[in-house]
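Residue numbers (my numbering), protein chains in the order written: chain S, -13 to 419; chain B, 66 to 582.
Where a beta carbon is used, it is the ideal one built from N, C-alpha and C, also for glycine.
Note that this is a predicted model, so its numbers are computed, not measured.
The structure appears right after this line, and notes come after that.
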Amino acid sequence: MPGLIGIYPFGLGRENWRLARFVYYSLLALQHRGQELAAIITYGDDGFHKLFGEGFADEVFNEDALNTMPGFIGIGYVAPSKEQHPVFIESPVRMVLIGDGKPSLENSVQDSWRAFGELFADELSRTGDSLKAARRVIEEVDGGYSFMTLTENQELIAGRDVHGVKPLEIGSLGFDLGAVASESSTLDVLGMEHIAHIKPGEVVRFDPYSIEKSQVKSCNEPNMNRCSFEYVYLARPDSVIDGISVYSVRERIGMILAKERSVEADIVIGIPETAIPFSLGYSRVSGIPASLGFVTTGRKVRTAIKPSIFERLMGVQLKLNPIRCAMDGRDVVLIDDSVVRGTTLRNTVWNMKRRGARRIHVRIGSPAIMASCPYGIEIPPPDELIARALDEREIAEVVGADSFAFLSIDGLCKAIGLERSELCLKCWGCEKR
Amino acid sequence: MRIMGIGGGSREHALAEAIARSAHEPKLFWVSEDRNFGIYRLVKRTGGEYVLAKVTDPLKVASLAEQWGVDMVVIGPEEPNFHGVVDEVEQRGIPCIGARKRLSILEMSKAEMRRIQWRYGISGKLLFKTYRSYMEAIKDLEEHSELLSWLQNVALKPARQAGGKGVKVIEDAQIYLHNEKSRFKQRHMRWLEDYMSEYTDIEDKILVEEKVWGPEYTLQCFVDGRTVIGMPLVQDNKHAHEYDIGPETGGMGSYTGKGLLLPFITREEYERSLRIVKSMVDVVQRETGERYHGFVAGQMMLTEIEGPTLIEMYSRLGDPEGVNVLAMLETDIIDIFEAIINERLSAVKIRFSDVATVVKAVAPKGYPDFRDIAKDHPVEVNEALIEKFGCRLYWGSVHLDDSGKVLTRGSRVVELLAFGETPQEASQRIEDCLVEGVVRLSDGWGLFHRSDIGSREMIRKRTEIAERVRRLYTYRERMGILGKRVDWIPRVGKVDPVKELSHELFSCVGGGSYESG
Chain S
-13 MPGLIGIYPF GLGRENWRLA RFVYYSLLAL QHRGQELAAI ITYGDDGFHK LFGEGFADEV
47 FNEDALNTMP GFIGIGYVAP SKEQHPVFIE SPVRMVLIGD GKPSLENSVQ DSWRAFGELF
107 ADELSRTGDS LKAARRVIEE VDGGYSFMTL TENQELIAGR DVHGVKPLEI GSLGFDLGAV
167 ASESSTLDVL GMEHIAHIKP GEVVRFDPYS IEKSQVKSCN EPNMNRCSFE YVYLARPDSV
227 IDGISVYSVR ERIGMILAKE RSVEADIVIG IPETAIPFSL GYSRVSGIPA SLGFVTTGRK
287 VRTAIKPSIF ERLMGVQLKL NPIRCAMDGR DVVLIDDSVV RGTTLRNTVW NMKRRGARRI
347 HVRIGSPAIM ASCPYGIEIP PPDELIARAL DEREIAEVVG ADSFAFLSID GLCKAIGLER
407 SELCLKCWGC EKR
Chain B
66 MRIMGIGGGS REHALAEAIA RSAHEPKLFW VSEDRNFGIY RLVKRTGGEY VLAKVTDPLK
126 VASLAEQWGV DMVVIGPEEP NFHGVVDEVE QRGIPCIGAR KRLSILEMSK AEMRRIQWRY
186 GISGKLLFKT YRSYMEAIKD LEEHSELLSW LQNVALKPAR QAGGKGVKVI EDAQIYLHNE
246 KSRFKQRHMR WLEDYMSEYT DIEDKILVEE KVWGPEYTLQ CFVDGRTVIG MPLVQDNKHA
306 HEYDIGPETG GMGSYTGKGL LLPFITREEY ERSLRIVKSM VDVVQRETGE RYHGFVAGQM
366 MLTEIEGPTL IEMYSRLGDP EGVNVLAMLE TDIIDIFEAI INERLSAVKI RFSDVATVVK
426 AVAPKGYPDF RDIAKDHPVE VNEALIEKFG CRLYWGSVHL DDSGKVLTRG SRVVELLAFG
486 ETPQEASQRI EDCLVEGVVR LSDGWGLFHR SDIGSREMIR KRTEIAERVR RLYTYRERMG
546 ILGKRVDWIP RVGKVDPVKE LSHELFSCVG GGSYESG
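Okay, here's the thing in structure tokens:
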């Protein structure tokens, strides 16, 4: 689930742009998609320039580096794992490739992207046409992925697999810049106009003189397999993916939860930040007032994707300081976005009870996570998934809740507004083919 | 009847076609700098003559008109107007459809157009500043860099109409990207100064205008010195590439709805726009004491600050917008031209067919900003197939050489037009036609066009933006602050950028408020 950005200048004076800082602020806007590695790659008169390192974007890049980095074409990348690097290909074509998701080529995500890049480079040197080459590769390689590549011929090519698993959105600035980003909110941060999404199975190429697009023929709607986890958890709520507003999906999830698993309580609390829209939706339908329950310390850390237990717990403890008066002596509906191991939830629930919460009814804004993701979202091995081992009642006991319920799969599909057949629901244990 | 036309692009091809289909059975005589294949054939068919000459040379054009003994001269592009071709032709007693030099100031100087508009208080204005050098502009921008000034969000333009080139729109609203954007602005202004040094007929070099957003539309009109008659609205698309990305072009394609309006512009907005264009024509006639005979157009935008707003003016038909309206025109164009010459336009009933139209331009890679590489490629067009798809072909920036080869000249090669019940239908017809490879360059150089022009998605998007803008300007109207830009800045107090415009207008002769009925 890395975050991708590519920014491309057109027309007169295009080489006057310096885009490193545009890319940097894009990465801040994409930071939630990966916090382990960040990279900025630009292309200027003297070829490629690279800056990258481990950690948050604002730790990796300093002012001096950004001020002096040349280049009028820029791409950027954040990744949730230190193992997932941009792929640099030296021959037969010089190019750099960044990707989100996983092409079904090798076992590891990184090896798959390297293989994808080599395939593309070979195809490109064979056909001499990057648009054709990208289309061929998409036709050939199954999986769930979005990618972007920048070649030494100043061609920026972006595309999505035929099932539309991973998002890519397009934006523009004035008469000068075009951009492709994993999320539309990134375009907002750059002050760009969000225009459209790249369609599943579609390839878009920016070159100095034109924008061309091409659609893989075998791609048709019944084949859709859009990542449902994007809507529940991964994407920012101010993003619009494939024309669907993430915030409105999350609000609807809360509304559906209130209908599916209603319970009497005094207050609804969402765990920051992802679950807050859920709690507002839940409150609206149930009539139970919503309240802020926690204040966070430090930067936004996405606890579910932190590698070790130590880091996760540190994350949650720093992140979630309960507001005592909101819960003291009250029956609380506590809403979280997902449950993987239950570690952080247990910590939170017991903490709240110690601060005086009377009953806590936990509601989860997604179905139970039951399986690994074939497209590279890092989900722990099966024996670490609490929902595989315990039923809802047992989970309630372990985490210290008075009741516990997941959102149903149907509820999730309804909230997104797509058919079951159009969504990838694999992590919820739902196979469709 | 003998009619002489000037200019060699797609708009002129459409003009020639409209004239050739007149019941007056005209003979066409033509002058342009490159030999337009389409016009050439019409000229031959009607038994006229085609001469290659400089269209901005008044003496040359006027003596050809005399030599051919034509009944009238019709000007296609803007530069002949700016150079006084109309004045010279009329001097010799030959009627002309075109704006005289002093009237065409509305288009020639974007700066002077704006000054006239402010001086007479005609609505649909934009804040603006002019500079005679790039250093002057940089200094001014730096002085305003600390304030929350409108100068942060601007369109940078050459102060003169200069082939539709060199416009940049820079919204500098993110303080964290300010350095990058201001660096780019500075470099572009330096370029503008260089570019404008070619033009010696204007003192202003750089025009900076407040940046506005909203849907754009073109209102083209016939003018006879007394009456201004509006044609159906057309939406042109200036960005070179799909998704509205990329540099400004002369226009990559345009569409009309059925009837006078576009799907996202109201009747009232049309009327207001027409009032603005009329007022501009009235005041320029009043200031010069001359009569305007020909075409005039307002390139408009619906903006939050003023509602219908004048972005630029044309002293001619738009290209491609002219192609849309000429194809829709049902009234005999020579009857209209005669009415213009005799100043009795108000007595003519001008009718347009009730269909939607779409025009798409096909351009060689390199257009608009790198024309050197877009030039001199041999063009092949399958006209039979275009006809079979129900599309019409208008030749553009090409030259038919003496050996019969057609070569690109660097700008839009051809424009294709189709009719439909809706713009979507017409757009699809052109797409179906182009996908067959009906236009190609036989040396393999790439061509591009915009598939999205007139599409359902595009119109949905424009409609959505129009609704947002309409909500804002009608709010301003209700509050009585339409067109007002008063702000309050800490430690500075109330600021009214309109007051700061006075030095731009100090050569003011008229004054007060003016709006024609």
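Measure from the alpha carbon of Ser198(B) to the alpha carbon of each residue in Phe94(B), Arg255(B) and Ser567(B), then state which is nearest. Within the second sequence, numbered from 1, the residue matching residue 198(B) stands at position 133. Among Phe94(B), Arg255(B) and Ser567(B), the Cα nearest to that of Ser198(B) is on Arg255(B).
Mapping the DSSP letters down to three states, classify Ile389(B) as helix, strand or coil. Along the second sequence, read from residue 1 onward, the residue named residue 389(B) stands at position 324. In the sequence on display, residue 389(B) carries Asn and not Ile. Looking at Asn389(B) - three-state DSSP - the assignment turns out to be helix.
Quick check on Ala85(B): buried or exposed, where buried means 16 or more other Cβ atoms within 10 Å of its Cβ? Position 20 of the second sequence holds residue 85(B). Classification for Ala85(B): buried.
Opening and closing residue of the alpha helix (DSSP H) in which Arg86(B) lies: Position 21 of the second sequence, counted from the start, is the residue given in the question as residue 86(B). Neither: Arg86(B) is in no alpha helix (DSSP H) and is coded neither H nor E.
Pull out every residue of the stretch 158 to 179 of chain S whose Cβ sits closer than 9 angstroms to any Cβ of chain B, in chain order. Ser158, Leu159, Gly160, Phe161, Asp162, Leu163, Gly164, Ala165, Val175, Leu176, Gly177 and Glu179
Cutoff 9 angstroms: Lys199(S) Cβ touching any chain B Cβ: Numbered from 1 along the first sequence, position 213 holds the residue referred to as residue 199(S). Yes, Lys199(S) lies at the interface with chain B (some Cβ there is under 9 angstroms from its Cβ).
Is the CB-CB distance between Arg165(B) and Glu355(B) below 9 angstroms? As a first step, residue 165(B) is located in the second sequence; it is residue number 100 there, counting from the start. As a first step, residue 355(B) is located in the second sequence; it is residue number 290 there, counting from the start. Against a cut-off of 9 angstroms, the Cβ pair of Glu355(B) and Arg165(B) comes out as a contact.
Please state whether DSSP places Thr374(B) in a helix, a strand or coil. In the second sequence, counting from the first residue as 1, residue 374(B) sits at position 309. Note: Thr374(B) maps to strand in three-state DSSP.
State the DSSP-derived secondary structure class of Met178(S), mapped to helix, strand or coil. Residue numbering aside, residue 178(S) sits at position 192 when the first sequence is read from its first letter. It is coil, neither helix nor strand.
Would you check if the stretch 117 to 135 of chain B and the stretch 476 to 496 of chain B touch, i.e. whether three or more CB-CB distances between them fall below 8 angstroms? no
Whose C-beta lies closer than 6 angstroms to the C-beta of Glu281(B) among residues of the same chain, with five residues either side of it excluded? As a working mapping, residue 281(B) is identified with position 216 in the second sequence. Around Glu281(B): Met366.
Starting from Glu143(B) and walking both ways along the beta strand (DSSP E), at which residues does that stretch end? Locating residue 143(B) in the second sequence gives position 78, where the first residue counts as 1. Segment: none, Glu143(B) is in no beta strand (DSSP E) and carries neither H nor E.
Does DSSP put Pro368(S) in a helix, a strand or coil? Here the question's residue 368(S) lines up with position 382 in the first sequence. Looking at Pro368(S) - three-state DSSP - the assignment turns out to be helix.
Three or more C-beta pairs under 8 angstroms: does that hold for the stretch 396 to 416 of chain S against the stretch 230 to 242 of chain S? yes
Do you know how far the Cα of Gly363(B) is from the Cα of Lys190(B)? Within the second sequence, residue 190(B) is the residue found at index 125, counting from 1. Within the second sequence, residue 363(B) is the residue found at index 298, counting from 1. Looking at the two C-alpha atoms, the distance is approximately 12 angstroms.
Is it right to say Ala88(B) is buried, meaning 16 or more other beta carbons lie within 10 angstroms of its own, or is it exposed? Residue 88(B) sits at position 23 when you count from the first residue of the second sequence. Ala88(B) comes out exposed.
Determine the chain B residues that contact Ile156(S) at a beta-carbon separation under 7 angstroms, and present them in chain order. As a first step, residue 156(S) is located in the first sequence; it is residue number 170 there, counting from the start. Here the neighbours are Tyr308.
Which residues of the stretch 232 to 266 of chain B have a Cβ closer than 8 angstroms to any Cβ of chain C? Give them in chain order. Checking the listed chains, one finds no chain C in this structure; the protein chains it contains are S and B.
Nearest residue (CA-CA) to Ala312(S), options Gly351(S), Met356(S) and Ile253(S): Here residue 312(S) is taken as the residue at index 326 of the first sequence, counted from 1. Per the Cα distances, Ile253(S).
What did DSSP end up calling Lys276(B) once you bin it into helix, strand or coil? Here residue 276(B) is taken as the residue at index 211 of the second sequence, counted from 1. Reduced to three states, the DSSP call for Lys276(B) is coil.
Buried or exposed, going by whether 16 or more other CB atoms sit within 10 Å of the CB of Trp553(B)? As a working mapping, residue 553(B) is identified with position 488 in the second sequence. Trp553(B) is exposed by the Cβ-count criterion.
Assuming contact is defined by CB atoms lying nearer than 9 angstroms, are Lys222(B) and Lys276(B) in contact in what I supplied? Here residue 222(B) refers to the residue found at position 157 of the second sequence. Here residue 276(B) refers to the residue found at position 211 of the second sequence. Not in contact: Lys222(B) and Lys276(B) (Cβ atoms no closer than 9 angstroms).
Nearest candidate by alpha-carbon position, reference Thr374(B), set Gly359(B), Glu336(B) and Glu386(B): For the purposes of this step, residue 374(B) is identified with residue 309 of the second sequence, where counting begins at 1. For the residues Gly359(B), Glu336(B) and Glu386(B), the minimum Cα distance to Thr374(B) belongs to Glu336(B).
Please work out which residues of its chain come closer than 7 angstroms, Cβ to Cβ, to Glu236(B), disregarding the five sequence neighbours upstream and downstream, and give them in chain order. Within the second sequence, numbered from 1, the residue matching residue 236(B) stands at position 171. Around Glu236(B): Asn218 and Lys276.
Looking only at its chain, what residues have a beta carbon closer than 8 angstroms to the beta carbon of Ala404(B), apart from the 5 residues adjacent to it on each side? The residue given as residue 404(B) occupies position 339 in the second sequence. Counting only Cβ-Cβ distances below 8 angstroms, and skipping sequence neighbours, we find Asp289, Leu410, Ala412 and Val413.
Would you call the stretch 158 to 175 of chain S and the stretch 232 to 248 of chain B touching, i.e. three or more CB-CB distances under 8 angstroms? yes
Per-residue DSSP class, three states only, for Gln364(B): For this step, residue 364(B) is matched to residue 299 along the second sequence. Looking at Gln364(B) - three-state DSSP - the assignment turns out to be strand.
Continuous alpha helix (DSSP H) stretch holding Ala421(B): start and end: Here residue 421(B) refers to the residue found at position 356 when the second sequence is read from its first residue. From DSSP, Ala421(B) is part of no alpha helix (DSSP H) but of the beta strand (DSSP E) over Ala421 to Pro429.
Per DSSP, which one or two residues make a beta bridge with Tyr481(B)? Here residue 481(B) is taken as the residue at index 416 of the second sequence, counted from 1. Checking the sequence shown, residue 481(B) turns out to be Leu, not Tyr. Beta-bridge pairing links Leu481(B) to Lys425(B) and Leu458(B).
Could you check whether the Cβ of Arg7(S) sits closer than 9 angstroms to any Cβ belonging to chain B? For the purposes of this step, residue 7(S) is taken as residue 21 along the first sequence, with counting starting at 1. Yes - at least one Cβ of chain B is within 9 angstroms of the one on Arg7(S).
Glu313(B) touches chain S at which residues, Cβ-Cβ below 7 angstroms? On the second sequence, residue 313(B) is found 248 positions in, with the first residue counted as 1. Here the neighbours are Phe161.
Check whether chain S comes within 9 angstroms of Lys270(B), counting only Cβ atoms and requiring the distance to be less than that. Your numbering for residue 270(B) matches position 205 in the second sequence. No, its Cβ sits nowhere closer than 9 angstroms to a Cβ of chain S.
Asp36(B): which of His358(B), Asp266(B), Tyr432(B) and Asn146(B) sits nearest, CA to CA? Absent from the model: residue 36(B). The displayed extent of chain B is 66 to 582, so no value can be given.
Pick out whichever of Tyr308(B), Ile68(B), Val126(B) and Met261(B) has its Cα sitting closest to the Cα of Ala224(B). By one-based count along the second sequence, residue 224(B) stands at place 159. Of the candidates Tyr308(B), Ile68(B), Val126(B) and Met261(B), the one whose C-alpha sits nearest the C-alpha of Ala224(B) is Met261(B).
What are the start and end residues of the alpha helix (DSSP H) that includes Pro488(B)? Here residue 488(B) refers to the residue found at position 423 when the second sequence is read from its first residue. That run of the alpha helix (DSSP H) goes Pro488 to Leu499.
Does DSSP classify Gly576(B) as helix, strand or coil? Residue numbering aside, residue 576(B) sits at position 511 when the second sequence is read from its first letter. Any reading at Gly576(B) must be qualified, since the residue scores a pLDDT of 40, below 50, and its modelled position is unreliable; the value itself is stated next. Three-state result, Gly576(B): coil.
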